[in-house]
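Using the numbering used here, read the sequence shown as starting at 486 and increasing by one per residue.
Written below as structure tokens is the structure these notes are about.
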Amino acid sequence: HLEQVARLNRQLEARVEEQMAELVRTGELKRFLPHQIAEGLMAGQLSPDEGFERRKVTLLFADMVGFTDLSDKLEPEELAEVLNGYLREMTAEAVSQGGTLDNYIGDGLMVLFGAPKRAEESLQAWRAVRTAFGMKVRAEELTRAIRGRGIPADLKVRVGINTGHCTVGVLGSDVMRAYKAVGFAVNVAARLQSEAEPGTVLAGFRTYALVKDRVVAEQREPLTLKGATRPVEAWEIIGLLDGSGEEEPPPH
Numbered sequence: 486h487l488e489q490v491a492r493l494n495r496q497l498e499a500r501v502e503e504q505m506a507e508l509v510r511t512g513e514l515k516r517f518l519p520h521q522i523a524e525g526l527m528a529g530q531l532s533p534d535e536g537f538e539r540r541k542v543t544l545l546f547a548d549m550v551g552f553t554d555l556s557d558k559l560e561p562e563e564l565a566e567v568l569n570g571y572l573r574e575m576t577a578e579a580v581s582q583g584g585t586l587d588n589y590i591g592d593g594l595m596v597l598f599g600a601p602k603r604a605e606e607s608l609q610a611w612r613a614v615r616t617a618f619g620m621k622v623r624a625e626e627l628t629r630a631i632r633g634r635g636i637p638a639d640l641k642v643r644v645g646i647n648t649g650h651c652t653v654g655v656l657g658s659d660v661m662r663a664y665k666a667v668g669f670a671v672n673v674a675a676r677l678q679s680e681a682e683p684g685t686v687l688a689g690f691r692t693y694a695l696v697k698d699r700v701v702a703e704q705r706e707p708l709t710l711k712g713a714t715r716p717v718e719a720w721e722i723i724g725l726l727d728g729s730g731e732e733e734p735p736p737h
């Protein structure tokens with residue numbers, strides 16, 4: 486009986502490996518994993534047993550305002566269609582700016598800049614800010630398209646961005662593992678997002694300091710966070726300055 490169980494386990498493992506190889510061969514793996522994570526795995530640059538690393542990264546949290554109200558107006562199929570289109574557009578914007586999708590959280594998402602691929606801190610902060618404004622534009626375009634189909638949607642995003650040191654690496658169990666970033670900087674970014682008004686971008690001081698010469702911003706009331714020894718500075722990024730389309734950050 487034990488030999489039979491062992492044989493069946495080997496067959497199952499072989500089948501899983503075959504299916505994974507087929508996903509890699511066809512490129513379908515990238516549909517189930519964040520782009521940079523899939524690339525890293527296939528290139529042998531990431532391992533499930535890889536150790537953790539302390540690194541300065543920029544974190545972006547974004548969510549759709551009014552999703553709960555929208556769920557009361559739409560049939561489940563329509564709601565799923567709107568949510569899928571929204572997440573697809575927001576993810577596409579983040580990936581186009583070099584971000585790595587960390588997680589979908591209901592109608593929101595968390596994006597990393599500077600991990601797993603390294604990026605100079607002012608560049609990762611700038612890419613995160615550009616992503617936020619790109620998300621706003623895409624949400625407006627998606628709203629027009631959806632309303633054109635008779636769905637009473639008014640999609641707006643609110644975004645929180647923060648730069649700071651985190652522990653990054655592969656976390657989880659044998660059942661499921663994921664490349665994650667953990668640390669107080671993550672909590673700050675999430676809180677900034679929750680405090681942002683619909684259609685606005687709220688950044689922590691470190692992010693603001695890295696992009697201040699390239700944006701129009703106004704300081705908001707400091708935020709009191711659990712576990713913080715002092716209030717956290719918050720800056721609303723109102724707009725990008727002319728000529729801000731260049732990729733590399735200016736020298737400091």
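Each residue gets a CB set at the ideal place from its N, CA and C atoms; glycine is no exception.
Please state if the CB of residue j and the CB of residue i are separated by a distance shorter than 8 angstroms.
| i | j | result |
| --- | --- | --- |
| I646 | L726 | no |
| T692 | T585 | no |
| P683 | V596 | no |
| E562 | I636 | no |
| G689 | V671 | no |
| L687 | R699 | no |
| A638 | L555 | yes |
| G633 | A604 | no |
Nearest CA to the CA of residue i: which residue from the options?
| i | options | result |
| --- | --- | --- |
| D548 | D557, F537 and R573 | R573 |
| V644 | R615, G633, V667 and L656 | R615 |
| R663 | V622, D587, P561 and V490 | First, the residue type needs correcting, since residue 663 is Ala and not Arg in the sequence shown. Looking at the Cα atoms, D587 is the closest of the given residues. |
| G668 | F537, L640 and E703 | F537 |
| A579 | A617, L708, G570 and A491 | A617 |
| M620 | Q704, L640, V673 and V567 | L640 |
| E703 | T685, A713 and G712 | T685 |
| S581 | V490, R492 and Q609 | Q609 |
Taking 7 angstroms as the limit between beta carbons, can you name the residues of its chain near residue i, skipping five residues before and five after?
| i | result |
| --- | --- |
| E488 | none |
| R539 | H650 and T652 |
| A600 | R540, V542, T585, V653 and A666 |
| A681 | R643, V644, G645 and L687 |
| L552 | As written in the sequence, residue 552 is Phe, which differs from the Leu given in the question. Same-chain partners within the cutoff: D592. |
| A713 | none |
| T511 | Only weak support is given to the placement of T511: the predicted model assigns it a pLDDT of 49, under 50, and the value that follows is read from those uncertain coordinates. Once the five neighbours on either side are set aside, T511 has no close Cβ partner at all. |
Assuming residue i contacts residue j (C-beta within less than 8 angstroms), just tell me the rounded distance between them.
| i | j | result |
| --- | --- | --- |
| A613 | V642 | Not confirmed; about 14 angstroms, so no contact. |
Given residue i, which residues of its chain have a CB within under 8 angstroms of its CB, disregarding the five upstream and five downstream residues?
| i | result |
| --- | --- |
| V701 | I722, I723, G724, L725 and L726 |
| E606 | K541, T543, G599, T648 and L695 |
| L781 | Residue 781 cannot be examined here, being either before or after the span of the chain that is shown, 486 to 737. |
| T576 | L586 and L594 |
| Y571 | M549, D592, A624, L627 and L640 |
In chain order, what residues of the same chain have a beta carbon less than 6 angstroms from the beta carbon of residue i, not counting five sequence neighbours either side?
| i | result |
| --- | --- |
| L710 | R676 and V717 |
| R492 | none |
| L656 | K665 |
| L497 | none |
For the ligand GTP, any of its heavy atoms closer than 7 angstroms to the Cβ of residue i?
| i | result |
| --- | --- |
| R540 | The model on display carries no ligand, and the ligand GTP is accordingly not part of it. |
Quiz item: How about the stretch 576–591 and the stretch 628–648: do they share at least three Cβ pairs that are nearer than 8 angstroms?
Solution: no
Practice problem: Give a yes or no on contact between the stretch 707–723 and the stretch 669–685, applying the rule of three or more CB pairs nearer than 8 angstroms. | Solution: yes
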